[in-house]
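Numbered by my numbering, the letters in the sequence shown go through residues 67 to 436 in order. To start, the structure itself, in structure tokens.
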Amino acid sequence: MGVQYVSYKPKKILNTHKHADSWFWDKYSAHPYIGCEHGCEYCYSRETKYSRGSNPADFSKIIKIKENAPELLRKELGKVPRDTVIVGDYQPIEKKTELSRKMLQVILDLDFPVSLLEKSPLILRDLDLIEEINKQSGASVTFSIITTKDDETKELFEPGAPSMASRFRALKQFSDRGILAGVAFMPILPFIYDDDENLEAVVKATAENGGKFVLSGGLTLASAQREWYYRVLEKHFPELIPKYQALYGDNYGPECKYAGELGKKVSRLCQKFGIKDRMPRYVPDGPLAVNRRISERLQNRVYRMELDCISQYKMWAFRKAAWALEDLTESVAEIYAKKGRAGLESLKGVGKSLAEEIVHQLEEGGCCES
Ligand code: SF4
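Next comes the structure, spelled out in structure tokens:
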């Protein structure tokens with residue numbers, strides 16, 4: 067069956083997250099299509115909660131086009147505070163509709179920062195607009211890449227996606243234009259692409275192509291997507307099924323020790339090649355910049371704790387404090403200057419030890435230039 071395109075006019079397009087995402091730092095997201103012709107076999111969008119109960123096979127075969135996406139985005143972004151938006155989708159139909167380009171134009175007009183996550187070098191078509199947004203309000207581009215082994219991956223896991231080599235070349239072009247660019251090394255497929263050689267090859271190629279960061283993450287398995295992925299394993303790697311069952315059990319993610327070790331290996335490789343293992347956050351100047359900077363640092367600490375598999379309790383304390391700083395309408399530096407440590411402790415979501423941590427960041431962390 068070929069791909070079927072269905073145009074429609076949704077009533078809403080902008081998703082507003084309760085808190086800024088700690089990977090891509092977006093507060094909003096808006097996408098012009100439902101379904102994806104790239105058809106990656108591991109794609110979490112085949113999960114029941116995302117596919118809304120439709121057949122997971124339809125995900126890459128029926129593409130719904132939100133034909134009023136740019137108009138809706140303009141209307142909805144016009145009503146919310148300025149913050150980073152994840153936008154766009156450069157699967158093949160984008161060539162014809164140019165909806166992602168039109169959405170970028172809206173973002174430029176309304177002066178929002180943008181973050182793009184892509185697998186297709188078609189995004190280079192809009193380099194001019196992304197460059198303008200970057201100069202005006204900040205932009206980042208992340209390419210999703212799981213290995214450097216091109217032919218094999220296309221055949222097994224990403225049947226409709228452009229080559230890895232073309233993604234690395236595109237990454238370089240963004241980086242050459244001074245746009246923050248990096249790689250989402252996700253999902254690292256257990257027992258297939260988690261070997262040291264592949265980890266090093268991806269991080270090295272990112273650095274060589276001007277990438278500034280590699281975000282690593284494991285495969286998640288849930289509902290219909292779990293069944294789908296296991297069918298792919300059965301076909302190509304039946305001997306791995308018992309290993310996956312031991313690693314995942316009935317859980318959504320792999321066991322913590324495995325995920326933590328993998329993340330730490332990628333972090334060490336990033337250090338070796340002089341790039342970061344977290345995406346640097348775009349923070350506009352202004353009195354609240356210090357809040358965002360400290361929040362970013364606290365969230366990055368949470369990431370390290372996750373890799374160390376430490377107690378959820380401690381992680382949640384850091385997370386809540388990071389969110390509290392995000393929500394503050396007054397500079398945390400001013401609160402500290404006026405009311406001291408007690409002022410910080412009285413903030414909702416910030417207890418004694420996190421107040422201590424914030425003081426440390428304010429006094430020694432180099433957070434307070436603006
Ligand atoms: S590019 Fe692949 S992983 Fe991303 S949405 Fe499309 S099918 Fe899913």
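For glycine and all other residues, C-beta sits at the position ideal for the given N, C-alpha and C.
Per DSSP, the beta bridge partners of E184 are F209. Two segments are said to touch when three or more pairs of C-beta atoms, one from each, lie closer than 8 Å; by this definition the region 324-340 does not touch the region 352-366. Inter-residue distance for S73 and G154 is about 17 Å (C-alpha atoms, whole angstroms). Non-local beta-carbon contacts of L237 in its own chain, meaning distances under 6 Å to residues more than five positions away in sequence, involve F209, A247, N275, G277 in chain order. Under the Cβ criterion (8 Å, minimum of three pairs), the region 186-200 counts as touching the region 162-176. With a cutoff of 6 Å, S282 does not count as near the ligand SF4, since its C-beta is closer than that to no heavy atom of the ligand. Pairwise C-beta distances place the region 373-385 out of contact with the region 404-414, as fewer than three of them are shorter than 8 Å. With respect to G329, L373 sits close: the two C-beta atoms are nearer than 7 Å.
F339 sits in coil when the DSSP states are folded into three classes, being neither helix nor strand. Approximately 7 Å separates the beta-carbon atoms of L165 and P136; this is inside 8 Å, confirming the contact. Three or more beta-carbon pairs separated by less than 8 Å are not found between the region 286-295 and the region 257-269, which leaves the two stretches without contact.
Note that the C-beta distance between H104 and A271 is not below 7 Å.
In this structure, Y108 and I159 do not form a Cβ contact; the two beta carbons are roughly 22 Å apart against a cut-off of 8 Å. Secondary-structure assignment with DSSP links G284 through a beta bridge to I254. Counting along the chain, A135 sits inside no beta strand (DSSP E); it lies in the alpha helix (DSSP H) bounded by residues 135-143.
At a Cβ-Cβ threshold of 7 Å, T219 and A267 do not count as neighbours.
Per DSSP, A96 is not a residue of any alpha helix (DSSP H); the beta strand (DSSP E) it occupies stretches across 94-96. Cα atoms of Y110 and Y314: separation of roughly 15 Å, rounded to the nearest angstrom. Set against 6 Å, the gap from the CB of C322 to the closest heavy atom of the ligand SF4 is not smaller. The secondary-structure analysis by DSSP pairs G248 across a beta bridge with T208. Exposed is the label assigned to R297, since fewer than 16 other Cβ atoms lie within 10 Å of its Cβ. Rounded to the nearest whole angstrom, the C-alpha separation of P320 and L299 is 16 Å. The nearest non-hydrogen atom of the ligand SF4 is 6 Å or more from the C-beta of H426. Pairing L139 with A96 gives a Cβ-Cβ distance under 7 Å.
Within 6 Å of the C-beta of H83 there is not a single heavy atom belonging to the ligand SF4.
V416 is a Cβ neighbour of A390, given a cutoff of 7 Å. In the DSSP annotation of this structure, the continuous segment of the alpha helix (DSSP H) that includes S361 starts and ends at 355-373.
Just measuring C-alpha positions, the residue of N134, N317, V180, P179 sitting nearest I79 is N134. Note that the C-beta distance between S206 and D177 is not below 7 Å. Residue pairing of Y71 in beta bridges, as defined by DSSP: I129. Judged by DSSP in its simplified three-state form, I152 adopts strand. Around the Cβ of T150, a 10 Å sphere holds 16 or more other Cβ atoms; the residue is buried. DSSP links I100 through a beta bridge to K130. In this structure, the ligand SF4 has no non-hydrogen atom nearer than 6 Å to the beta-carbon of S241. By the criterion of a C-beta distance shorter than 6 Å, E362 is surrounded in its chain by R347, once the five residues flanking it on both sides are discounted.
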